[in-house]
Amino acid sequence: MKLKGGDAFVQLLKAFGVSHIFGIPGDSLGLYDALVRDGGIQHVLVRHEQAAAHMADAFARVSGRVGVCDASSGPGVTNLVTGLATAYADSVPVLAVATTSPTKIRNRNNFQELDQPALLHTVTKAVIEIDRPERIPDLVKRAFRIATTGRPGPVVLNVPLDVFLRSAEYGESDLLCDTVFGRYPALRVRAEAKEAGVVLDALRKARKPVIWCGGGVIISGASAEVEAFAELTGIPVATTYMGKGAIPETHTLSLGPAGQLGRPPTNEYLAGVDFVLAIGTRFTNVDTANWTVPKPGTPMIQIDIDPIELGKNYDVVHAVWSDAKLFLQDLIAAAQKMKWEGARADAAVGALRTSWLATSGIESPQSSPNNEEPVHPLQAIRALREAMRPDDTLICDSGFNQIWGGQYFELQRPGRHYVGPRGMGTMGFAFPAAIGAKMACPDRRFVALAGDGGFMMLVHELETSIRMKTPVVVCVLNNGNLEYCRQAQIGLMGGRLLSTEFTDTNFAEIAKAFGARGVRVTRSTELRGVIRAALESPVTTVVEIITPQSAKPDGVAF
1 MKLKGGDAFV QLLKAFGVSH IFGIPGDSLG LYDALVRDGG IQHVLVRHEQ AAAHMADAFA
61 RVSGRVGVCD ASSGPGVTNL VTGLATAYAD SVPVLAVATT SPTKIRNRNN FQELDQPALL
121 HTVTKAVIEI DRPERIPDLV KRAFRIATTG RPGPVVLNVP LDVFLRSAEY GESDLLCDTV
181 FGRYPALRVR AEAKEAGVVL DALRKARKPV IWCGGGVIIS GASAEVEAFA ELTGIPVATT
241 YMGKGAIPET HTLSLGPAGQ LGRPPTNEYL AGVDFVLAIG TRFTNVDTAN WTVPKPGTPM
301 IQIDIDPIEL GKNYDVVHAV WSDAKLFLQD LIAAAQKMKW EGARADAAVG ALRTSWLATS
361 GIESPQSSPN NEEPVHPLQA IRALREAMRP DDTLICDSGF NQIWGGQYFE LQRPGRHYVG
421 PRGMGTMGFA FPAAIGAKMA CPDRRFVALA GDGGFMMLVH ELETSIRMKT PVVVCVLNNG
481 NLEYCRQAQI GLMGGRLLST EFTDTNFAEI AKAFGARGVR VTRSTELRGV IRAALESPVT
541 TVVEIITPQS AKPDGVAF
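Just so you know, the sequence shown maps onto residues 1 to 558 in this note's numbering.
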């Protein structure tokens, strides 16, 4: 059959299960015309391409499907870069459709022309150029395969704008696809059967082992297996921020998040372990407090879907290339056969958590509601935890707000109920991410937690959320400054401060100007009622929480 390239492209996206595309129109008229005539995919107009990438990113994280965004050539594409870098750092499959100059006038100083592949290669798994309409089927299929296999990540299709307008002959099989590549992980790698025995032997010999889970556990959907294996063996579980949800954080074997931004008692516990089973973590400097947690030289076995990461940042006694879920299933089966026996850590870990919650966490006196002004961030986190249901999702921005959420907001259920841009630390992420997540899962409730600095970066997406009737809750911790940067300057610059403070901004009134609800809260006793009402609101609500200029999470030092 003869079809325009744009029509073939849209049919393939639908075949892979694409329901939404986030972007801004420009020179990609052939694609937009095909979308209008087909009507099967909803295009979501955003106010900035960075937000489009973040929305596609969060759409993928919570749905398990590939998120899709688009941008026009030149500045539209450059605006995508930060969002794609965020998805790449956090291993999220996003397909970005980038138009470029028509084939006949490329490399002739065409308006808005630049070397887009060179720009995008460093923030994606692949940049694929479609130079003629006949190549659309095989290259679109290749893009989905790359995005959803191995370590997932973003892929760009770089398309001259005339390719969508030109026609070509397509066979019936050209427009058929293997739908498994529309979700992730599309293909799972299973380790050899003997590997489970190797790991179990090492764990049985250890006196104080720990399981350390990263984002690979969440991507693999292996939370149930982590919890089952921990309960079977009595071995405690620590996580990275990306690994939050690997086990309910209220579980007696949960140590909570570790690392530079993690809980101090978790780091202290890890300092004393004699064996680490690391699953789906890349051992970044932040996750390991600059490679000091766990101590270098601690015997360690690493399991990861990406063989490049095995032994890369820590020496390991053994490496296993495997999908986390499948390998944990093998471990559980092998442990059950051998009738596992070993000392359980439930009592010690439970006591550690209880003590920290009472002295530093959301059960401490500092977190108790009172009528004092302003609101301490711990009081805000406690109010969020009490107002939100266990199946609600908290989406954090970057900065101290993410540390308040990461350390203190305990997940009561396993799975992805916490989202954050931990790999890249991207400010402005949380709010557009909440919109994208809500579009993917309209029956779920999402709360974005941001600082005043990060929220202002993409605040204009309030118009998108109102126009698209996508109600989310945004809690803005407004302390009038960039507190993370301020604390770093105090610690590393001898107290000399530069460019960290803002003038007073009323975000509640800004929300109202966009047609959203806005509430400014100055006392913690008001918070629970305000947040509960916001969660039930049919429109997006900005809950602006006035917090102290200086409030530092536990253990953070510069």
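Even for Gly, the Cβ is constructed at its ideal location relative to N, Cα and C.
Since we're looking at a predicted model, the values are computed, not measured.
(1) Can you give the beta carbon distance from Asp-27 to Ser-73, rounded, assuming they're within the 8 Å contact cut?
(2) My understanding is that Ala-324 touches Val-217, with C-beta atoms under 8 Å, so please give their C-beta distance in whole angstroms.
(3) Output the distance between the C-alpha atoms of Met-493 and Ser-254, rounded to the nearest integer angstrom.
(4) Hey, could you find the ends of the alpha helix (DSSP H) Arg-517 is sitting in?
(5) Hey, Phe-400 and Leu-477: beta-carbon distance below 9 Å or not?
(6) Short check: CB of Asn-267 to CB of Trp-291, under 9 Å?
(7) Roughly how many angstroms separate the alpha carbons of Leu-378 and Arg-517, rounded to a whole number?
(8) For Arg-565, collect the residues of the same chain with a Cβ closer than 7 Å to its Cβ; drop the 5 residues on either side in sequence, then sort them by chain order.
(9) Which value, in whole angstroms, describes the spacing of the CA atoms of Ala-433 and Asp-70?
(10) Taking DSSP as the reference, what is the three-state secondary structure of Ala-434?
(11) Pull up the CB-CB distance for Pro-299 and Asp-274, whole angstroms please, since I reckon it's below 8 Å.
(12) Figure out for me which residue from Ser-91, Lys-469, Gly-297, Gly-76 has the closest Cα to the Cα of Thr-99.
(13) For the stretch 503-519 against the stretch 361-369, do three or more pairs of beta-carbon atoms, one drawn from each stretch, fall closer than 8 Å, so that the two count as touching?
(14) Quick check: what's the CA-CA separation for Gln-336 versus Glu-309?
(15) What did DSSP end up calling Glu-169 once you bin it into helix, strand or coil?
(16) Is Ser-73 helix, strand or coil when you go by DSSP?
(17) Can you give me the C-alpha to C-alpha distance between Ala-15 and Ile-21, rounded to a whole angstrom?
(18) Around the Cβ of Gln-302, are there at least 16 other Cβ atoms within 10 angstroms (buried) or fewer (exposed)?
(19) May I ask you to report which of helix, strand or coil DSSP gives Gly-23?
(20) When we look at the beta-carbon of Ser-360 and count the other beta-carbons within 10 Å, is it buried (16 or more) or exposed?
(21) Do you know how far the Cα of Leu-482 is from the Cα of Thr-503?
(22) Give me, in chain order, the residues of the same chain whose beta-carbon lies closer than 6 Å to that of Gly-428; leave out the 5 immediate sequence neighbours on both sides.
(23) Quick one: complete alpha helix (DSSP H) runs, 4+ long, within the stretch 247-302?
(24) Do you know offhand how far Arg-135's Cα is from Ile-403's?
(25) Let's test the definition: count the other Cβ atoms within 10 Å of the Cβ of Phe-283 and tell me whether it reaches 16, buried, or not, exposed.
(26) May I have the straight-line CA-CA distance separating Ala-488 from Glu-461, to the nearest angstrom?
(27) With C-beta atoms as the reference, is Leu-95 less than 9 Å away from Ala-51?
(28) At which residues does the alpha helix (DSSP H) containing Trp-571 begin and terminate?
(29) In the DSSP assignment, the alpha helix (DSSP H) including Ile-146 goes from what residue to what residue?
(30) From the DSSP output, in three-state form, read off Ala-222 for me.
(31) Which value, in whole angstroms, describes the spacing of the CA atoms of Gln-407 and Ala-258?
(32) So which of Glu-225, Val-286, Leu-527, Ala-334 has the shortest CA-CA distance to Glu-372?
(33) If you run the structure through DSSP and keep just helix, strand and coil, what is Ile-130?
(34) In the structure shown, what three-state DSSP assignment does Glu-501 receive?
(35) Could you have a look at Gln-412 and say whether DSSP puts it in helix, strand or coil?
(36) Can you say whether Ser-220 is buried or exposed, counting buried as having 16 or more other CB atoms within 10 angstroms of its CB?
Answer, in terms of the structure:
(1) Counting from 1 along the sequence shown, the entry for residue 27 is found at position 27. Counting from 1 along the sequence shown, the entry for residue 73 is found at position 73. The C-beta separation of Asp-27 from Ser-73 comes to about 6 Å, placing the pair in contact by the 8 Å criterion.
(2) For the purposes of this step, residue 324 is identified with residue 324 of the sequence shown, where counting begins at 1. For the purposes of this step, residue 217 is identified with residue 217 of the sequence shown, where counting begins at 1. Contact flag correct, Cβ pair sits at about 5 Å.
(3) Against the sequence shown, residue 493 aligns to sequence position 493. Against the sequence shown, residue 254 aligns to sequence position 254. If you draw a straight line from the Cα of Met-493 to the Cα of Ser-254, it is about 37 Å long.
(4) Within the sequence shown, residue 517 is the residue found at index 517, counting from 1. Segment 517-521 is the beta strand (DSSP E) holding Arg-517; no alpha helix (DSSP H) there.
(5) As a position in the sequence shown, residue 400 is number 400, starting the count at 1. As a position in the sequence shown, residue 477 is number 477, starting the count at 1. Closer than 9 Å, so yes.
(6) Here residue 267 refers to the residue found at position 267 when the sequence shown is read from its first residue. Here residue 291 refers to the residue found at position 291 when the sequence shown is read from its first residue. Taking 9 Å as the Cβ cut-off, Asn-267 and Trp-291 do not qualify as a contacting pair.
(7) Residue 378 sits at position 378 when you count from the first residue of the sequence shown. Residue 517 sits at position 517 when you count from the first residue of the sequence shown. Taking the straight line joining both Cα atoms gives about 24 Å.
(8) Absent from the model: residue 565. The displayed extent of the chain is 1 to 558, so no value can be given.
(9) On the sequence shown, residue 433 is found 433 positions in, with the first residue counted as 1. On the sequence shown, residue 70 is found 70 positions in, with the first residue counted as 1. Taken atom to atom, the span from the alpha-carbon of Ala-433 to that of Asp-70 is near 16 Å.
(10) Position 434 of the sequence shown, counted from the start, is the residue given in the question as residue 434. Looking at Ala-434 - three-state DSSP - the assignment turns out to be helix.
(11) Sequence index remark: in the sequence shown, residue 299 carries index 299 (1-based). Sequence index remark: in the sequence shown, residue 274 carries index 274 (1-based). The Cβ separation is near 7 Å, so the contact holds.
(12) Your numbering for residue 99 matches position 99 in the sequence shown. For the options Ser-91, Lys-469, Gly-297, Gly-76, the alpha carbon positioned closest to that of Thr-99 is the one of Gly-76.
(13) Segments in contact, no.
(14) Stepping through the sequence shown from its first residue, residue 336 is reached at position 336. Stepping through the sequence shown from its first residue, residue 309 is reached at position 309. Whole-angstrom Cα-Cα distance: 30 Å.
(15) To locate residue 169, count along the sequence shown from 1; it is residue 169. Three-state DSSP puts Glu-169 in a strand.
(16) By 1-based counting over the sequence shown, the position of residue 73 is 73. The three-state secondary structure of Ser-73, taken from DSSP, is coil.
(17) Walking along the sequence shown from the start, residue 15 turns up at place 15. Walking along the sequence shown from the start, residue 21 turns up at place 21. Approximately 14 Å, taken between the alpha carbons.
(18) Looking up residue 302 in the sequence shown gives position 302. Result: buried.
(19) Taking the sequence shown and counting its residues from 1, the one referred to as residue 23 is at position 23. When DSSP states are grouped into helix, strand and coil, Gly-23 belongs to the strand group.
(20) Numbered from its first residue, the sequence shown carries residue 360 at position 360. Classification for Ser-360: buried.
(21) By one-based count along the sequence shown, residue 503 stands at place 503. By one-based count along the sequence shown, residue 482 stands at place 482. Inter-residue distance for Thr-503 and Leu-482 is about 12 Å (C-alpha atoms, whole angstroms).
(22) Counting from one through the sequence shown, the residue named residue 428 turns up at place 428. So the list reads Gly-454, Met-457, Leu-458, once near-sequence residues are dropped.
(23) List check, alpha helix (DSSP H) in window: 264-271.
(24) Taking the first residue of the sequence shown as 1, we reach residue 135 at position 135. Taking the first residue of the sequence shown as 1, we reach residue 403 at position 403. Between Arg-135 and Ile-403, the C-alpha separation is close to 46 Å.
(25) Position 283 of the sequence shown, counted from the first residue, corresponds to residue 283. With 16 or more Cβ atoms within 10 Å of its Cβ, Phe-283 is classed as buried.
(26) Counting from one through the sequence shown, the residue named residue 488 turns up at place 488. Counting from one through the sequence shown, the residue named residue 461 turns up at place 461. Approximately 30 Å, taken between the alpha carbons.
(27) Working through the sequence shown from its first residue, we reach residue 95 at position 95. Working through the sequence shown from its first residue, we reach residue 51 at position 51. Not in contact: Leu-95 and Ala-51 (Cβ atoms no closer than 9 Å).
(28) With the chain covering only 1 through 558, there is no way to say anything about residue 571.
(29) For this step, residue 146 is matched to residue 146 along the sequence shown. That run of the alpha helix (DSSP H) goes 136-148.
(30) Along the sequence shown, read from residue 1 onward, the residue named residue 222 stands at position 222. DSSP, reduced to helix, strand and coil, places Ala-222 outside both helices and strands of the structure shown, so it counts as coil.
(31) Counting from one through the sequence shown, the residue named residue 407 turns up at place 407. Counting from one through the sequence shown, the residue named residue 258 turns up at place 258. C-alpha separation (whole angstroms): 9 Å.
(32) Counted from its first residue, the sequence shown places residue 372 at position 372. That would be Leu-527, whose Cα lies nearest to the Cα of Glu-372.
(33) To locate residue 130, count along the sequence shown from 1; it is residue 130. DSSP places Ile-130 in coil when its eight states are reduced to three.
(34) What you label residue 501 is simply residue 501 of the sequence shown in a count that begins at 1. Strand at Glu-501.
(35) Looking up residue 412 in the sequence shown gives position 412. Here DSSP, grouped into helix, strand and coil, assigns Gln-412 to coil.
(36) Within the sequence shown, residue 220 is the residue found at index 220, counting from 1. So Ser-220 ends up on the buried side.
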